[in-house]
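Peer 1:
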Amino acid sequence: MGTFLFFSCDTTGSLYKQAETRFFQEAEYNGFVVTDESLTKLPPCVCKYLSNCGWVDKPVPETFAMTFRGEFSMNPDQGFKQIKSQQMNSLFPRNRIFKINNPLFSGVHRYWDGEAGMIIKILGLFTVVDAKGDDFNQSELLTWFNDACIIAPGMLPFIEGLSWNNVSEYEATATLEYHDINVSATLYFNESYELINFVTDDRYYADGKSVSKKVRWSTPMYQYVFDNGIKRPSYGEAIWELPEGPYTYAKLYIQEVTFNPNKK
15 MGTFLFFSCD TTGSLYKQAE TRFFQEAEYN GFVVTDESLT KLPPCVCKYL
65 SNCGWVDKPV PETFAMTFRG EFSMNPDQGF KQIKSQQMNS LFPRNRIFKI
115 NNPLFSGVHR YWDGEAGMII KILGLFTVVD AKGDDFNQSE LLTWFNDACI
165 IAPGMLPFIE GLSWNNVSEY EATATLEYHD INVSATLYFN ESYELINFVT
215 DDRYYADGKS VSKKVRWSTP MYQYVFDNGI KRPSYGEAIW ELPEGPYTYA
265 KLYIQEVTFN PNKK
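Quick note: the sequence shown uses the numbering used here, first residue 15, plus one each step.
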């Protein structure tokens, strides 16, 4: 796969459009439908989550696009900056493109079927983050899976290499194997079978000062809403559980989600 790495504030739109073009060129649509039978491979709490959110008898979200706004912190010593973001994900192949914009900094993530990279620049000139490599590939596989669990859980019965263990009425663990990478996460639900947290110990944290290391990462979710017949959270956070205490680095309000955009 090619590498999508260069980024500038002045060319955000055109670069994202290029990635978007590739995204739709590679996206595959199989016409799958989420059925009661397809849910039988999932733990009871995950089945109830999909049913509760309205996914039964709906087309599988083989791709989705979303926009959101919120606040983002570059490191634990800095405050939050207002951001606007957009992204697209696909199931076949496992692709994800994401951009973040702020007047002072901009960035792009990309995950092309197992190969990940991220660039963040200040004022479109100075690179402050240039992440790639095996650790980042693993982290972005988890990000891709996290997106599926939160935004498009209709994908879950159709993800190859995914296995489950039922822990309790409101908790299940998932293990995902892909391109020789094996990661796990725990999903927590409330009494309404809304997903309220996703926790993993397999994502890598890098502070730019030392070698990246695995740190517990969680994404608590709140304020469920119905959007075109599908129930989803409208607000969430991303948190690193650092030794010195939790570091919440993102607070995001989901604005719009479109499933299977541009499907022919």
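By construction, the Cβ of each residue, glycine as well, lies at the ideal position given by its N, Cα and C atoms. Owing to the predicted nature of the structure, the values given are computational and were not obtained by experimental measurement.
In angstroms, rounded to a whole number, what distance separates the CA positions of Thr200 and Asn276?
Peer 2: The straight-line gap from Cα to Cα measures roughly 33 Å.
Peer 1: Name the residue from Cys163, Thr233, Arg246, Thr77 whose alpha carbon lies nearest to the alpha carbon of Pro260.
Peer 2: With distances taken between Cα atoms, Pro260 lies closest to Thr233.
Peer 1: Check each candidate in Lys95, Ile114, Glu40, Trp69 and name the one with the smallest Cα separation from Phe273.
Peer 2: The shortest C-alpha separation from Phe273 is found at Trp69.
Peer 1: Does the separation of the CB atoms of Leu137 and Val197 fall below 8 Å?
Peer 2: In this structure, Val197 does not lie closer than 8 Å to Leu137 by Cβ.
Peer 1: Could you tell me the boundaries of the beta strand (DSSP E) in which Asp241 lies?
Peer 2: That run of the beta strand (DSSP E) goes 235-241.
Peer 1: Using a Cβ distance threshold of 8 Å, determine whether the stretch 165-173 contacts the stretch 138-147, with at least three qualifying pairs required.
Peer 2: Cβ pair count under 8 Å is below three, so no.
Peer 1: Got a sec, what are the start and stop residues for the alpha helix (DSSP H) Thr157 sits in?
Peer 2: Unbroken alpha helix (DSSP H) run through Thr157: 148-164.
Peer 1: Please report the straight-line C-alpha distance between Glu208 and Phe37, rounded to a whole angstrom.
Peer 2: Distance between the alpha carbons of Glu208 and Phe37: 30 Å.
Peer 1: Report the partner residues of Arg124 according to the DSSP bridge assignment.
Peer 2: Arg124 pairs with Ile111, Gly131.
Peer 1: CB-CB under 7 Å to Phe82, same chain, minus the five flanking residues each way: which ones, in chain order?
Peer 2: Only Ser99, Leu266, Tyr267, Ile268, Gln269 meet the Cβ criterion.
Peer 1: Going straight from the alpha carbon of Pro117 to that of Gly84, what length do you get?
Peer 2: If you take the alpha carbons of Pro117 and Gly84, they lie about 14 Å apart.
Peer 1: By the 10 Å Cβ neighbour count, where 16 or more other Cβ atoms means buried, how is Gly93 classified, buried or exposed?
Peer 2: With fewer than 16 Cβ atoms within 10 Å of its Cβ, Gly93 is classed as exposed.
Peer 1: Whole-angstrom Cβ separation of Tyr30 and Lys113, contact assumed at under 8 Å?
Peer 2: Yes, they are in contact, since the Cβ atoms of Tyr30 and Lys113 sit about 5 Å apart, within 8 Å.
Peer 1: Smallest Cα separation from Asp221: which of Lys245, Pro90, Ile244?
Peer 2: If we check each option's Cα against that of Asp221, Pro90 comes out closest.
Peer 1: Which value, in whole angstroms, describes the spacing of the CA atoms of Leu53 and Ala33?
Peer 2: Going by the C-alpha atoms only, they are around 33 Å apart.
Peer 1: What's the C-alpha gap between Leu190 and Cys163?
Peer 2: Computed Cα separation, rounded: 12 Å.
Peer 1: Applying the 10 Å Cβ sphere with the 16-neighbour rule, what's the burial state of His123?
Peer 2: Classification of His123: buried, given that the 10 Å Cβ count is 16 or more.
Peer 1: Which of the three DSSP states, helix, strand or coil, is assigned to Met102?
Peer 2: Reduced to three states, the DSSP call for Met102 is strand.
Peer 1: Quick one: what does DSSP say Asn89 is sitting in, helix, strand or coil?
Peer 2: Correct three-state label for Asn89: coil.
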